[in-house]
Structures are given as C-alpha cells and as structure tokens.
Amino acid sequence: MQKNNSQFTFKSYLDLAQLLKQYQGNHEDNRVFALTQTTKGSKLLTLWKDKNLFRVVDELDSSKYLHYLTLFTSLFGFALLLLGLFTGFALLSYSGKEPVNVIYLLLVMVGLPLLSMLLTVLSMFTGNLGASFFNHLSPLYYLEKIINFFPFAKKIDFSALPFSATLSKWIFLQRLQLFSFLFALGLFFSLVLTIISKDIAFAWSSTLDIDPVAFQGVLAMLATPWQSFFPSAVPSLELVEVSHYFRLGEKLDANMIQNADKLGAWWKFLAMATLTYALLLRLVFWFMMKLGFKAQLKKEVLAVVGVKKLLKEFETPFVSTQSFKQEKHLEVKEEVTIAASEVLADNYAYLLAWNYSEKTLLLLQDHNKVEVTNRQVVGGRNSFSEDQRIVDGLEGKILLYVKAWEPPTMDFMDFLTDVLAQKEVTTVEVCPLGTVTEGYSSKKSDIDVWLKKLEQINSEKLEVIDV
Amino acid sequence: MSSYPKFAVVGHPNKGKSSIVASLALDNSIQIGNTPGTTQVKRGFPLKVDGKVVYELFDTPGFQRARRVFSWLEEHGDVSADKRADIVREFVFKHKENNQFRDEVELLEPILAGAGIIYVVDASKPYGAEYEVEMEILRWCGQPSMAILNLIGDEDYREDWSRALGQYFRLVRTYNPITAGHREHLELLESMAQLKEEWTNPIKKAIGVLENLHEQKIENSISTIVDYMVNVLSFVHTENIKDEVLSQEEEEAAKVAYREKIIRYEVNERASIERIWNHNNIEKKEGALSLEDVGLFSKESASIFGLSQKELIVTGASAGALTGVGFDLLTAGHSLFLGSVIGGVVGGVGAMFGFDNLYEVKVLGQSLGKRELSIGPMQNLNFPYVLLGRSLYHASTIAKRSHAVRSDLDLNNNSFTEKIMEASMRKELEKLHGKLRKSDEVEDELLVAYKKVIRESFRQLLD
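Chains as they are written, first to last, in the working numbering: chain A, 1 to 467; chain B, 468 to 930.
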C-alpha cells in the first residue's frame, strides 16, 4: 500500500502509531528535525517516522497486518474470480433443449451488483452502528470472521491496532468493491468464453405476466449508457417478443426456431450490461472507497496518540533557558565542629568592629557594656594600609564585632588570619551581631554560616561569641 | 563580540544572585545555599529560540576580596575615566591564574566581554559602606548597569539602599526571586531593555518569546489534565479468574490493582506537569490519593477538592435536566418542559445514589469458557471532582512556583473547592464525566468544551 515516502499511506499510519507508542522524541529534537526539512504537515510526519522507525525493535504491526490483509485479499479475490467464472458457466449452461433465461443472468450480472452498491452507499453514509448493520448483510463479513480462526490471523492482536471502527468500515468497503469486481470479472469471462465456444439461445421467461413492451422499456433504460455508440447491444422490441419463452412448451416453439439466429443477439446486451454495471460502475465505487478511506486515514493519523503533540513541537519554536555548563557544586558541610560561647569577657584590650562605622561602634559598646582599652573600626572604608597599621598594634585579648547577616568574605578571613598571626594577641573573640531592629541578636542560621567558615582557621586563639 | 545582550548578575556573597538567575532562567537545578561561595564559577544561561541566543544571563561568584582588587586598580589606574575599563581588564589578565582573585576574575570576565551589570543587594538588611568598593569596581568597568533590591528577610531598608545605589547605577528595581511570578519576570526584563539602546529590541523579543512559552506551558498543562481525567475516568481493569465464581481474594487483589493503577495515573500526571514547568525533583507534602471506602470518600475528605453530597445532587440534577431539554425540543416544547423536570429529578436521584457507589466489579463470561473480572469505570460521582481539584491545585501551584524556591511543595489545602467548582462549570464537566462513567464514546466537541472549562479554572487559579 505504501507508494512513496512523501505520501501518508496505511502502512505509514500503522508504523507511526507503533513508533509513537515507544518513542515520541523531545521538543528540541523534533523542532530541529522540522527546521532541517522543507516539507510540513503529514509529509513531515512521514519523514520523521522514517527517520525514527529503527527504534521499533519488535516486528512491525504493519508487516503482520498488511501480510494478513494481502493474503486474505489474494485468497478471496482468487476464490471470487473462480466463483464468478463458475457461476457464469452454470447460468449459461445450455443443452439445446431449453434457452438460457436472460432474467437470471440480469439478476446476477446487474441486480446483485446494484444491490451490493446500494448497501455500500448505505454503509458509507451511516455511522458506526448503521454501517455495522449493513456490513453484516454482506457475505464478506462472515468470510472474514471465518478467516480469523486461521493460524496466521491469530498472530495479530487486532485490539492493539490503532484504527477506529470507521476506518475498519472503509477497509471493508474497499475490499468489498474489489471482490465484487473480481466476481463480476469471472462472470464476464464466462460469458465471453461461452459465447465463443457455444451457440446459445437466450430467451426470457417469468411467472409474472410481464408485457414485452414494458420489459423492452426497462432493458432500453438499462442500455442507455451505450445506446449511442453501440445500438446493436440494445434489445429491440422484436427481439424481446421473439425470445419470450413459456414453460409449458415441451421444446422451443416454432416462432423461436424460425428466429434462432436472432436469439443469440442477447449476448451483446448482457456483455455490455456486465461491463457497465458490474465492472465499470464497480471501479467507480472502488475509486470512491479509496478516496473515502484516504480521507478517513488522514483524520485517524491526527487521532493517533502523540501525533498532535509531535506536530505542535514541529511548529513551535524550541525555547531553552538552561545553562549547558555543568555546575561546580560546593561541598557544604552540614555539621559544625566548633561551638559559639554565649558569654563576653569583662574586659578586652581591643574592640574591633568589622565593616561598622565609628558611630555604630559607640552604640554597640554601650549596648553590650563591654570594657575596652582601645576601640577601632576595621574593614569597610578603611584602606589596607590603615588596617595593617591597626593589626600591627594589636595585643592581648581582642573582641571583634562582625555583622552576622553578612557572611564572612575572604577579605575578612585574610584580616582575621593577620590578627591571629600577631604574637602579642592572646585571644580573638569573633562576635557576630544582628541588626538594630533585632536588638543586635544574631540568628542561629547566620551564626552557623560564621562557624562553618571560621572553623577553616585552625587556631586555638580563635573563639566565637553568640550574644 | 557576540551581538546579543548579556547580563552578569553580580554582588556580595549570599545576596540572592543565584536565586535571581534561577528565577529568570526558569531553572530550579541551580545550587542555592546560605553558605557563602556556593557559586564558584560563572555560568551562562542563554535564552535560546531554536538554538539562536536572544540574550544571556551570567550567574557569578560574589566579591571576596573587593578591597584588594580596588587597591590594585587605584595603584595602577591614575587614568582618565575612559581608560579605567582597560585597567580592570589588565587586572583580570594578570590575575587569571591567581587563586586569590578567582572569584573576582570570574565575575569581571563577562562584564569586560560586554555584559550589562545587574548588581544584587539584600534590601532587608541595613546598608553598609563596605559595598561601595564593589560598586566602585563595577563603575570602573564602564558597562550599563542596574541594581536589584532583593528582599530576603522581613525588614525593609530599600530607601537607604536606593539613595546609595542611585549614585552608581542607572536603574534600581525591586525583585524578589522567591515570590516573583511571570509578570514580575517580564517587568524586570523590560527594565533590562532600557539599559542600552541596542538591547531594547532583543529584550523585547525575549519578552515575547517568554510570553509565548508561558502560554504554551498553560496549554500543555490543560491538555495533560484533560488526558489524565479521560484516562482515569474511563479506566477499566480486567483480569482472568480461575473458577466460575469470583473468590474474595481475587476480588480484593483486583481492587488493589485497580487502585494502584489510578494512583499511578496521578503520579504520572504530576510528573508531566512538573516537567512542563521545568520543576524537577520537587519534594511534595501531600496526602496520598486514597481510594479506600473510608478516607477519600468519607464525609471529611469529600469536602477537600470534591463536592458535598448536596452540591453533587445539584450538579447531577442540572446535567440530567440538560438531557430532558432534548425531549422538550423534540416535542417542540409541547411537553410543557416536563422533560427538563423529569431529567432533573432522574439526574439528582442518580447523584444521590452515586455518592457512595465507588466502582462495580463485574464477572464476564467469555466465548471460550474463560471468565474475566472487570472493575471500572469509576462510578462515584464525587471522584472526578476530587481528581480534578487535586490536579488543578497541583498544576497551578507548580505554575506559580518560582524556580528559586527550594522548599518542599505543600499541596495540602482545604479551602480550594469554591475557586474551581462554580455551578456553571460543574454542569459542563458533568457532561463528560457522565459519558466516561458509561464508557460512551466521547465526541471531540465535548472534549473541546471540557478543555474550555478547565482552561477557565486554571487561569483563574493563576491570576
């Protein structure tokens, strides 16, 4: 069924459905794929399917199903061709005693096809339930049921196939046309072969009291399509009258025997009727079913799970906001090994305030009632040389106020290392303080940040005070 | 030099630089911590559309030795203002391999490569003069700059900060990455567009892209929720049974399998929604979806996201009345609207009985002698509303959640039902729920109408 890559076929549809169950790609890959192609819509979908079909590792559902469908179609197609041939031979069997009844032939060659075409039309224009009802009237429906008991049909899980009852209907109707065509072709061949090999006398006979004029009118109406270019294939009133046959005659009546040469002329009409109604019209129907199937297939493709998403991803620009550089994670220690003491000493040799102003330092000293000999502001706006001069003059016990909410920078760590390196300095107590509105009390989370950082300085002179 | 705008988010350690980048880049994988130095190297976060960069944000380490850097600059930089950027460039060049200035080199590099400066401070803490050295270094770089006032704590010192920052930066804006939503994100981008004339159009384009992206995410979320509802409500669990009669064990085992599948549907739906909004690996605090006869369907839990029995009767009655309208139309109104009345009564009674009716267990005889047990679809009338309520609440919470947030997602909310369950909406929803309960084929039109109601609810929750 697949013709070329750019056309969405039944096989493509089955393959796509199976692929999408296993793989749908991601927006980025799908968009990149769409941007590298010149086609859009279903053609693009087919190309995407072709590119990714290798991902399906199981046997393709399409291979199994289409194999089944082809086998089924071939078997029954051939069987129906033969059936048509044998039916034709049976209907045309002529022993020379009794003429062949044209009405039989017309019922099978024209009536039956027209009836099945009517069922097809009803199926076409009814919904699932209606179509199912009309399909049940077809012998093909039951043949298919029988086929399902064959081993090869058991290999297919029909419930896993994606198509709907509506698409099944179109598949069924399409094959119904094909089989009917082959049956009619068999009939037609049998007619041609019998005509060539035998001299058949055709007549017409019915229990009903049919007026030859009315009968000829019906025949002429049936012959309308070829009347203009093949008038000899239209039965004349004279032919209809001479070939009227009555069952009570032991053999052909004298009138018929007199017109024996004319009785054979029916074959032209019968051949043209079969050709027109059973074959050509059936081809028209087959073509219509093909179009209906294609239209339904197009709808079903869009209904396959994942297709709408895929088409959207083809058309929607891919936006990314993430970094492609691997993040270098900092190893964060959860536990703190040093602890903060809560008691300030009575007096200190120096009070230093890191990143505070002179005014704030005065307020802090007053708030904490700390006795100090010297008081200095460090960090902040001070230059390095100013800080260095202060460090050089330090001795004894030092209290160092820091802003608890400002995490210690390396600038501070450098300064603290310099202070601890002073031989005359005995102890450095780092005291992180909260904001004024917090009453200078620091939060535990802030203290933890300070402790984690300060424990990196391995010095016995260093202590942390949490007031 | 690349043609698209770049922005380096810089500042003191622990002032929320990474949080701001996570929020703007919609990326919740960025490490954010209260330990200084969490960010060790700069990282670019480009906004790309089909691979083409529209703008790029840089997350950078904080200043560690700003005074030393500035001291070096002053020593080497007794030059006019137009040459100062060269002195900074010289500093970076000379200290590239120097571990002492690793953080400063990392943060200055993108700025010297043309990135605009976004300086972040915590305006919930008092202003400090020590920041001035950092601001001075940034001024020497000579790039367009703005400051962001981030409010990490409860206090507000924005006035003090604005007075100081206004002397160094062209724009000063407040942006809290933890609470900022889509609108605030776009407003900040609009401010960034004002920094340099050439950047206006690309940033406006970026705003358009992000707006579209947001809409796409909303639509994808709605589709995900609707698919989930259809799948769960129409779900039928089947399995073969051994004997003619269904044993108690078989029934219980099948019920467990049925419930597990329903719960799995919800877990998968949650994961899909989180993927859509790029919120991965979120820890959630939420009561599990329980399908026990007591629990989800008890009087207590029925009020959470679901409807009360009275509300269900009203919903069932109004959906039933719709069926009755068809009868009235057929009789051209000659039934004196009796159809609507009958339909309403039937629907209402059905709702009343359906409240305690969880699901049916059926045993089906099959043609080849095997017997099959089937459970579902769920018959309980309240069930769809419970699912939908939970789903919409989760999706809207995820959609509104900033990518800077690292706390657990709390999905336990008891006052949510009214917001998504207006009577008119329930009527529309019930049409689909009814069809799925009966395993009827669902027409596209019905799904479109259902989606419309979900969209309306979801948007209300996002506003």
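Where a beta carbon is used, it is the ideal one built from N, C-alpha and C, also for glycine. All values derive from a computational prediction rather than experimental measurement.
>> Check whether chain A comes within 8 Å of Pro851 of chain B, counting only Cβ atoms and requiring the distance to be less than that.
In response: no
> So, helix, strand or coil for Tyr860 of chain B, using DSSP?
Replying inline: helix
> Cβ of Glu597 of chain B less than 8 Å from any chain A Cβ?
Replying inline: yes
> Under a CB-based cut-off of 8 Å, is Trp405 of chain A close to chain B?
Replying inline: yes
> Terminal residues of the continuous beta strand (DSSP E) containing Leu351 of chain A?
Replying inline: 347-354
> Along chain B, which residues have their Cβ under 7 Å away from the Cβ of Thr166 of chain A?
Replying inline: Those within 7 Å of Thr166 of chain A in chain B number zero; the least Cβ separation is about 11 Å.
> Does DSSP put Lys515 of chain B in a helix, a strand or coil?
Replying inline: strand
> Closer than 9 Å, Cβ to any Cβ of chain B: which residues of the stretch 346-375 of chain A, in chain order?
Replying inline: Trp354, Asn355, Tyr356, Ser357
> Under 8 Å between the Cβ atoms of Phe314 of chain A and Ala34 of chain A?
Replying inline: yes
> Could you give the C-beta distance for Ile499 of chain B and Arg731 of chain B, rounded to a whole number, given that I count them as a contact under 8 Å?
Replying inline: Not really, about 32 Å apart at Cβ, beyond 8 Å.
> Start and end of the beta strand (DSSP E) containing Asp589 of chain B?
Replying inline: 583-589
> Can the beta-carbon of Asn735 of chain B be found less than 8 Å from the beta-carbon of Glu741 of chain B?
Replying inline: no
> At which residue ranges does the stretch 486-569 of chain B contain complete alpha helix (DSSP H) runs of 4 or more residues, listed in the order of the chain?
Replying inline: 533-543, 551-561
> What separation, rounded to the nearest whole angstrom, lies between the Cα atoms of Gly675 of chain B and Leu491 of chain B?
Replying inline: 14 Å
> Ends of the alpha helix (DSSP H) at Leu399 of chain A?
Replying inline: From DSSP, Leu399 of chain A is part of no alpha helix (DSSP H) but of the beta strand (DSSP E) over 396-403.
> Name the DSSP bridge partner or partners of Lys751 of chain B?
Replying inline: B:Leu876
>> Residues of chain A with CB closer than 8 Å to the CB of Ser869 of chain B, please, in chain order.
In response: Under the 8 Å cutoff, chain A gives no residues; its nearest Cβ is about 14 Å from Ser869 of chain B.
>> Output needed for Gly773 of chain B: all residues of its chain with C-beta closer than 6 Å, excluding positions within five of it in sequence on either side, in chain order.
In response: At Gly773 of chain B the pLDDT is 47, less than 50, meaning the model places this residue with poor confidence and gives no usable figure here.
> Phe285 of chain A to Trp226 of chain A, Cα distance in whole Å?
Replying inline: 19 Å
> Based on Cα-Cα distance, which residue from B:Leu928, B:Ala871, B:Ile578, B:Leu878 lies nearest to Trp607 of chain B?
Replying inline: B:Ile578
> Under the rule that 16 or more other beta-carbon atoms within 10 Å means buried, what is Ser116 of chain A, buried or exposed?
Replying inline: buried
>> Counting only C-beta atoms, is Leu835 of chain B closer than 8 Å to chain A at any point?
In response: A caution first: Leu835 of chain B carries a pLDDT of 45, below 50, which makes its placement in the model unreliable, though a value can still be read off. Not one chain A Cβ lies under 8 Å of Leu835 of chain B.
>> Residues in the same chain with beta-carbon distance under 6 Å from Ser42 of chain A, minus the five sequence neighbours each way, listed in chain order, please.
In response: Phe8
> For Ala475 of chain B, which three-state DSSP category applies?
Replying inline: strand
> CB-CB under 7 Å to Lys867 of chain B, same chain, minus the five flanking residues each way: which ones, in chain order?
Replying inline: Gly648, Leu929
> Among the residues of its own chain, which have a CB less than 8 Å from the CB of Asp466 of chain A, if the five just before and after it don't count?
Replying inline: Ala340, Ser341, Glu342, Cys431, Pro432, Ser442, Ile447
> Shorter than 8 Å from the beta carbon of Phe318 of chain A to some beta carbon of chain B?
Replying inline: yes
> So which residues of chain A does Ser538 of chain B contact, with C-beta pairs closer than 8 Å?
Replying inline: Ser383, Phe384
> What does a CB cutoff of less than 6 Å around Pro593 of chain B pick up in its chain, not counting 5 residues either side in sequence?
Replying inline: Tyr624
>> At the 8 Å Cβ level, is Asn481 of chain B part of the contact set with chain A, yes or no?
In response: yes
> Would you call Asp387 of chain A buried or exposed, if buried means 16 or more other Cβ atoms sit within 10 Å of its Cβ?
Replying inline: buried
> Taking the alpha-carbon positions, what's the Trp204 of chain A to Ala273 of chain A distance?
Replying inline: 16 Å
>> Using beta carbons (cut-off 8 Å, strictly below), is Arg31 of chain A in contact with chain B?
In response: yes
>> Please report the distance separating the alpha-carbon of Ile685 of chain B from that of Lys919 of chain B.
In response: 12 Å
> Between the C-alpha atoms of Ala214 of chain A and Thr207 of chain A, what's the straight-line distance to the nearest angstrom?
Replying inline: 15 Å
>> Does the CB of Gln683 of chain B have a neighbour CB from chain A at under 8 Å?
In response: yes
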